[in-house]
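Numbering (this note's numbering), first residue to last: 568 to 890. I have placed the structure first, in the form of structure tokens, so that the comments after it can refer back to it.
Here it is as structure tokens:
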């Protein structure tokens with residue numbers, strides 16, 4: 568009887584052990600399934616990120632191609648402007664001192680025989696059978712160029728580079744108005760050749776606009792061809808200045824902003840500042856050596872407002888640009 572009981576107990580133990588092993592295996596399978604599901608989710612997320620990255624890369628390549636094309640078009644336009652259309656030979660003019668050229672003045676492919684008088688001792692004169700214009704000019708270089716300033720208007724403009732009495736370059740612009748059948752003077756823009764950009768959007772950009780305050784310096788300026796056919800200067804809030812480094816000769820308090828109530832930035836004699844920008848009227852933005860940006864107010868051409876002293880009595884360094 569005892570032996571039978573032992574056998575039964577052993578059998579129950581074996582069955583119990585098998586049941587426990589089965590539960591362990593089942594738990595392990597569940598854990599593996601959870602891990603597998605987690606790995607699958609992470610794989611899907613990685614794949615989605617990869618697809619987004621590929622899309623962004625493709626969009627970036629498209630933008631780069633577009634930018635390269637726009638740059639090429641801009642360079643083509645600029646190159647066409649920089650190449651002289653015709654060089655005037657002062658020694659081979661006709662008896663009236665004129666040169667003659669077939670020009671597409673309207674941008675429609677039809678050419679008009681155009682006479683140009685550009686003798687040093689006479690006013691500039693442009694004429695066709697239908698219209699003419701004459702005006703005094705300074706120091707024509709002996710070349711002219713046909714350009715297209717506007718995007719929607721196909722009319723071509725005639726650009727005459729010149730050198731003024733002070734040696735500074737400038738360019739005179741004219742246009743034939745096919746509606747009123749007259750030549751129009753559009754205006755003169757500082758700079759010539761490489762200093763000018765004809766963007767084709769109705770504007771002429773020069774890098775040779777003379778600064779109105781302090782020393783002799785130049786900034787970029789846009790002239791827009793208006794509806795009344797004049798090249799008009801488009802004022803900007805601020806113009807970048809040459810990054811001149813200046814040393815204070817005396818103590819000076821600058822303003823945090825252009826508002827009269829702004830707090831001050833106190834600088835000591837011997838400290839260094841760098842010019843950043845100006846409204847070219849009364850305010851100059853500067854940066855201290857510590858990286859703090861502040862504003863300096865001027866009265867007139869070069870008087871420091873807060874001290875009522877000339878700029879050169881307050882700072883060392885800027886006279887290197889005088890001319």
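Quick reminder that beta carbons are idealized off the backbone N, C-alpha and C, glycines included. Predicted, not measured: the structure shown is a model, and the values here were computed from it.
What does the alpha-carbon distance come out to for the pair residue 764 and residue 802? 17 angstroms
State buried or exposed for residue 639, treating a residue as buried only when at least 16 other CB atoms are found within 10 Å of its CB. Residue confidence for residue 639 is low, a pLDDT of 49 falling below 50, so the modelled location carries little weight and cannot support an answer.
Give the DSSP-derived three-state secondary structure of residue 614 in the structure shown. helix
Assign residue 881 to buried or exposed, taking buried as 16 or more other Cβ atoms, counted over all protein chains shown, within 10 Å of its Cβ. buried
Between which residues of its own chain and residue 839 is the CB-CB distance below 8 angstroms, once the five residues before and five after are set aside? 812, 813, 814, 815, 855 and 856
Going straight from the alpha carbon of residue 645 to that of residue 707, what length do you get? Here residue 645 scores only 46 on pLDDT, less than 50, and its place in the model is too uncertain to base an answer on.
Residues that DSSP places opposite residue 790 in a beta bridge: 771 and 800
Just confirm the distance between the C-beta atoms of residue 877 and residue 841, as a whole number of angstroms; I'd bet it's less than 8 angstroms. Incorrect: roughly 20 angstroms between the Cβ atoms, too far for contact.
Under 8 angstroms Cβ to Cβ from residue 884, same chain only, skipping five residues before and after it: list those, please. 811, 812, 813 and 814
Rounded C-beta distance between residue 820 and residue 873? I'm assuming under 8 angstroms. 6 angstroms
Write down every uninterrupted run of the alpha helix (DSSP H) in the segment 806-835 whose length is 4 residues or greater and which is fully enclosed by it, in chain order. none
In its own chain, which residues sit with a C-beta less than 7 angstroms from the C-beta of residue 717, not counting the 5 before and 5 after it? 769 and 792
Reduced DSSP category for residue 874 - H, G, I as helix; E, B as strand; rest coil: coil
If you count every other CB in all the chains shown that lies within 10 Å of the CB of residue 723, and 16 or more means buried, which is it? buried
By the 10 Å Cβ neighbour count, where 16 or more other Cβ atoms means buried, how is residue 736 classified, buried or exposed? buried
Residue range of the unbroken beta strand (DSSP E) whose run includes residue 679: 679-684
For residue 868, count the other beta carbons within 10 Å of its own beta carbon; 16 or more makes it buried, fewer makes it exposed. Which is it? exposed
Taking all protein chains shown into account, decide if residue 540 is buried (16 or more other Cβ within 10 angstroms of its Cβ) or exposed. Past the edges of the chain, shown from 568 to 890, lies residue 540, and the structure says nothing about it.
Which same chain residues end up closer than 6 angstroms to residue 759 when comparing Cβ atoms and leaving out the 5 residues on each side of it in sequence? 728, 736 and 738
Return the CA-CA distance between residue 766 and residue 772, expressed in angstroms with no decimal places. 8 angstroms
I'd like to check one pair, residue 800 with residue 845: are the Cβ atoms closer than 8 angstroms? no
Buried versus exposed call for residue 775 [16 or more other C-beta atoms within 10 Å across all chains shown]: buried
Could you compute how far the alpha carbon of residue 671 sits from the alpha carbon of residue 879? 53 angstroms
Nearest residue (CA-CA) to residue 795, options 753, 608 and 824: 753
In the DSSP output, what is residue 737 paired with across the bridge? 729 and 757
CA-CA distance, residue 740 and residue 702? 12 angstroms
Is the shortest distance between the beta-carbon of residue 808 and the beta-carbons of chain C less than 8 angstroms? Absent from the structure is chain C; it holds one protein chain and no more.
Helix, strand or coil: how does DSSP classify residue 600 here? helix
Cβ of residue 681 within 8 angstroms of Cβ of residue 691? no
Hey, out of 712, 848, 683 and 731, whose CA is closest to residue 699's CA? 683
Whole angstroms is fine: what's the gap from residue 677's alpha carbon to residue 665's? 22 angstroms
From 851, 782, 817 and 807, residue whose alpha carbon lies closest to that of residue 826: 851
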